[in-house]
Amino acid sequence: MSSMESLAQLEVLCEKLYNSRDSAERAHAESTLKCFSENSDYISQCQYILDNASTPYALMLASTSLVKQVSDRSLSLQLRLDIRNYVMNYLAARGPKLQNFVTISLIQLACRITKFGWFDDDRFREIFKEATDFLALASQDHYLIGLKILNFLVMEMNQANSAMPLTLHRKIATSFKDQFLLQIFQISLTSLHQLKSEVPDELRRVPISLALRCLSFDFVGSPVDESSEEFGTVQLPASWRPLLQDPSTVQIFFDYYKVNDTSVSKEALECLVRLASVRRSLFVEDPARSQFLSHLMSGTREILQTGQGLADHGNYHEFCRLLGRFKVNYQLSELLNVEFYGEWLGLVAEFTTKSLLSWQWASNSVYYLLSLWSRLVTSVPYLKGDTPSLLDETVPKITEGFITSRINSVQASFADNSPDPDNPLENAESLQDQLESLPYLCRFKYESCSLFIINIMEPLLQAYTARSRLPASGDAAELSVIEGQIAWMVHIIAAILKIRQTVGCSAAKIHRSYSMRNLRLVCYS
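Numbers given in this note's numbering equal positions in the sequence shown, counted from 1, plus 310.
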């Protein structure tokens, strides 16, 4: 960079690169500036820009260009160390005054160069100590930067990079996990406790996000599909056991759920979902596991009692996921041993029933609730002892509520002339998801459930028969509603019959009754 005049010209180009609405203008700026990210001779000029530029967009160009440069493993060790040291000193000196997006980009640069140099020189690993030094400073801005460095460091170490062989990525991730991850999680918990008092929302968001990143780490080298909400057991190392056995660990996330900022409360629930998924063998003794389960159930009981935060869709969905994890990771007998099991089960049943009534709003979340109930009922035959499960009272109501909600959904979609664009009847995968748990719920109290189904199906068949005899010019909408409701009932019956279980005489009689009604439908069609 020869002069401040040329720097001013570069700043104009950077402004166009990031802000122009003219695609041709942006393309020209990108073409002109790409040399900064492709040619290592421009690394020193990136430093010049960082030292002297007055606009955040020029700083952003220099930072993002260096991120691309350091991803090239051909740079010398000393040059990479120099860049690393420069960036950390820059963040300490100027970080609090930078635009947030520039700060984040510089932190990403520091974390990227740390990962790529992890096994090349131990000095790259000093980033952990340097981040904790930020936390020790009196400035709130420096504290926030320190937490963000740890946040993006965990993310960088957990995320495979196309510029790095997968085997090397896994070795680095394992080394980082063994050396630093537990300490970072402890820092996130300490920060959460320290920041419970009145502080800006952003200060709360960063430590809760850091805790979530730690709990979402790939502990065993089998990464979760990020496009899926499903994940298996969280394989926390044994060294994490004392932290999880401390009641304050679970409680702090329930405390943060009560924060008004929905982004904080949602991530607090996501942390709890992962804690509820921790491998059973982490707790060597049954009392420790029972105490951990009791804390989780106590926290969810309070949310069910107050309903706090559940008006937010994100919170609602994550809370349903949390409830769904209880039976995935715990036995029904363990739930029964919790002192307030009966109260908790009643609250979950009430919550499920209300969710079924709000099918349009909660359709993607109810799956987790139904999955919980289906797993509970399939565990009943294996129960030992005389303690009642209380499922006899709750499951039939939930089953009937689900079936009724499906029937009512057809009527409601036609009532406001707005057919559901995501109609499960038109989507085989969605339909399967909705009906996956129902057969187990129905078979739990088969006779009463079947009578309920028949009492719905019979009037529908009669109405369909009567309507089919009327002239074609009749009310087409009414016929469509009846057809939609019958379609749901046919799918429900088919799902029940598809599940293979040992059946007695009464069950065989029910099967024949179902088949007879379906045959009647075929004859009338």
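Positions of the beta carbon are idealized from the N, C-alpha and C atoms, including for glycine.
Between residue 416 and residue 748, the alpha-carbon positions lie close to 51 Å from each other. Annotation note: the region 459-523 contains the following uninterrupted alpha helix (DSSP H) runs of length 4 or greater, listed N- to C-terminal: 476-486 and 492-504.
In the displayed model, residue 377 falls within a helix according to three-state DSSP. If you look at residue 734, you'll find it isn't in any alpha helix (DSSP H); DSSP assigns it neither H nor E.
Counting C-beta atoms within 10 angstroms of its own C-beta, residue 654 has 16 or more neighbours from the protein chains shown and is therefore classed as buried. Inclusion of residue 754 and residue 690 in the CB contact set at 9 Å is warranted, their separation being smaller than that value.
Between residue 646 and residue 637, the C-beta spacing is not below 9 Å. Taking residue 603 as the centre and dropping the five residues before and after it, the same chain places the C-beta of 640, 644 and 648 closer than 7 Å to its C-beta, in chain order.
Bridge pairing for residue 588: 544 [DSSP]. 9 Å or more divides the Cβ of residue 339 from the Cβ of residue 356.
Residue 468 is classed as buried because its beta carbon has at least 16 other beta carbons within 10 Å across all chains shown. Within the model, the alpha-carbon separation for residue 620 versus residue 629 is close to 8 Å.
Between the alpha carbons of residue 434 and residue 377 lies a distance of about 15 Å. The alpha-carbon separation between residue 555 and residue 623 amounts to approximately 31 Å. Under the three-pair Cβ rule at 8 Å, the region 666-679 counts as touching the region 701-720. Of the candidates 454, 482 and 370, 482 places its Cα closest to the Cα of residue 429. In the three-state reduction of the DSSP assignment, residue 619 falls in the coil class, being assigned neither a helical nor a strand state.
With a threshold of 16 other beta carbon atoms within 10 Å, residue 662 meets it and is buried. The region 523-530 and the region 502-513 do not touch, with fewer than 3 CB-CB distances between them shorter than 8 Å. Bounds of any alpha helix (DSSP H) do not take in residue 549, whose DSSP letter is neither H nor E. Inter-residue distance for residue 334 and residue 382 is about 29 Å (C-alpha atoms, whole angstroms). DSSP places residue 647 in the coil class of the three-state scheme, outside both helix and strand.
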